[in-house]
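> Counting in my numbering, the final residue of the sequence shown is number 1663, and the numbers go up one at a time with none missing. The structure under discussion is supplied below as structure tokens; questions concerning it will follow.
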Amino acid sequence: MIIQLDAAEARVLGALVEKSLTTREQYPLTFNSLLLACNQKSSRDPVMALDTDSLGRAVQSLIGNGLVERLQAPGERVPKFRHDIGKLLGSDDARLIGIMTVLLLRGPQTPGEIKTRTDRLCEFTGTAEVEGLLQELCAKAEDPIVARLPRQHGQKEQRYYHLFSGAAAPAAAPAPAEASAAPARPDALAALEKRVEALEALVKELGARLPGDGQPG
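Here it is in structure tokens:
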């Protein structure tokens, strides 16, 4: 059975992995740096506003599951934190780590989006390689860690999501324009017909009055 993460834990783990790959000189992260990484507005979906208490609880839970380690060298005033995402994935494959990082930080995505967003994290030869790896992860006989969402109306590519936070609810497909407009059509026509009838009656009334008004008294 795979470990289940809540939204805060997924964000903390994803942020730690991302920073370990993109800002190596600042990694491991202090608590304050980790808070900023979790709440940053770029490369995050949704944008979160974790406070120190919620971050602390998430970090402690991840430490308890062996996914985060707290470090404090002699002489250092503040502790730092590093990830062990390899334990979660059962692999140290850089491509898998890159894919999972963007899925943890940004939710369901297409293979093309994942290819673009992992450019600083790992290397892929193309979108086909990303899709092939995603399909392998979906097809694992025991404990698959990735799944596909049904293709939505108007979308060419299917989106993939990680299963460490349970099943993701597919976004509602937008209703076709004709379907949304159809119910209002009879009412609109009826109102227009009433206005036309009223105007016709007014024209007839004016037409009947004009000859009499124009005769000499």
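For every residue, glycine included, the Cβ atom is placed at its ideal position computed from N, Cα and C. None of these values were measured; they are calculated from a predicted model.
1. Report yes or no: do the region 1586-1605 and the region 1497-1516 share at least 3 C-beta pairs separated by less than 8 angstroms?
2. Would L1496 and L1481 qualify as a contact pair, given that the criterion is a beta-carbon distance under 8 angstroms?
3. Grouping DSSP H, G and I as helix and E and B as strand, with all else coil, what is K1533?
4. So who's on the other strand from K1664, going by DSSP bridges?
5. From the DSSP secondary-structure annotation, give me the bridge partner or partners of G1572.
6. CA-CA distance, T1476 and R1516?
7. Work out the CA separation of H1529 and V1463 for me, nearest whole Å.
8. Using CA atoms only, rank isn't needed, just tell me which of P1557, S1489 and M1494 is closest to E1455.
9. For R1457, is the classification buried or exposed, using 16 other Cβ atoms within 10 angstroms of its Cβ as the cut-off for buried?
10. Measuring only the C-alpha atoms, how far is R1541 from R1523?
11. For G1510, does the three-state DSSP call read helix, strand or coil?
12. Using the three-state DSSP reduction, which class does V1592 fall into: helix, strand or coil?
13. So is A1483 buried or exposed if we call it buried at 16+ other beta carbons inside 10 Å?
14. Spell out the partners DSSP gives H1608 in its beta bridges.
15. Tell me, please, which residues DSSP counts as bridged to Q1555.
16. Are the CB atoms of V1576 and K1586 within a distance shorter than 8 angstroms?
17. Suppose the cutoff is 6 angstroms on Cβ atoms and the five residues either side in sequence are ignored; what does the same chain contact list for L1451 look like?
18. Would you kindly work out how many angstroms separate the C-alpha atoms of P1596 and N1478, rounded to a whole number?
From the atom records:
1. no
2. Counting from one through the sequence shown, the residue named residue 1496 turns up at place 50. Counting from one through the sequence shown, the residue named residue 1481 turns up at place 35. Yes.
3. Within the sequence shown, the letter at position 87 stands for residue 1533. It is helical.
4. Given a span of 1447 to 1663 for the chain in the structure shown, any question on residue 1664 remains unanswerable.
5. Within the sequence shown, numbered from 1, the residue matching residue 1572 stands at position 126. Beta-bridge pairing links G1572 to no other residue.
6. Start at 1 with the first residue of the sequence shown, and residue 1476 comes out as number 30. Start at 1 with the first residue of the sequence shown, and residue 1516 comes out as number 70. Going from the Cα of T1476 to the Cα of R1516 covers about 10 angstroms.
7. Counting from one through the sequence shown, the residue named residue 1463 turns up at place 17. Counting from one through the sequence shown, the residue named residue 1529 turns up at place 83. The alpha-carbon atoms of V1463 and H1529 are separated by roughly 6 angstroms.
8. Within the sequence shown, numbered from 1, the residue matching residue 1455 stands at position 9. Per the Cα distances, M1494.
9. Within the sequence shown, the letter at position 11 stands for residue 1457. Counting Cβ neighbours within 10 Å, R1457 comes out buried, since at least 16 surround it.
10. For the purposes of this step, residue 1541 is taken as the residue at position 95 of the sequence shown. For the purposes of this step, residue 1523 is taken as the residue at position 77 of the sequence shown. Taking the straight line joining both Cα atoms gives about 35 angstroms.
11. Looking up residue 1510 in the sequence shown gives position 64. Three-state result, G1510: helix.
12. Taking the sequence shown and counting its residues from 1, one reaches residue 1592 at position 146. Strand.
13. Counting from 1 along the sequence shown, the entry for residue 1483 is found at position 37. The residue is buried, with at least 16 neighbouring Cβ atoms inside 10 Å.
14. Your numbering for residue 1608 matches position 162 in the sequence shown. BP columns for H1608 point to V1592.
15. Taking the first residue of the sequence shown as position 1, residue 1555 is located at position 109. Beta-bridge pairing links Q1555 to Y1606.
16. Residue 1586 sits at position 140 when you count from the first residue of the sequence shown. Residue 1576 sits at position 130 when you count from the first residue of the sequence shown. Taking 8 angstroms as the Cβ cut-off, K1586 and V1576 do not qualify as a contacting pair.
17. Your numbering for residue 1451 matches position 5 in the sequence shown. The answer, listed in chain order, is F1610 and S1611.
18. By one-based count along the sequence shown, residue 1596 stands at place 150. By one-based count along the sequence shown, residue 1478 stands at place 32. Cα to Cα, P1596 sits roughly 39 angstroms from N1478.
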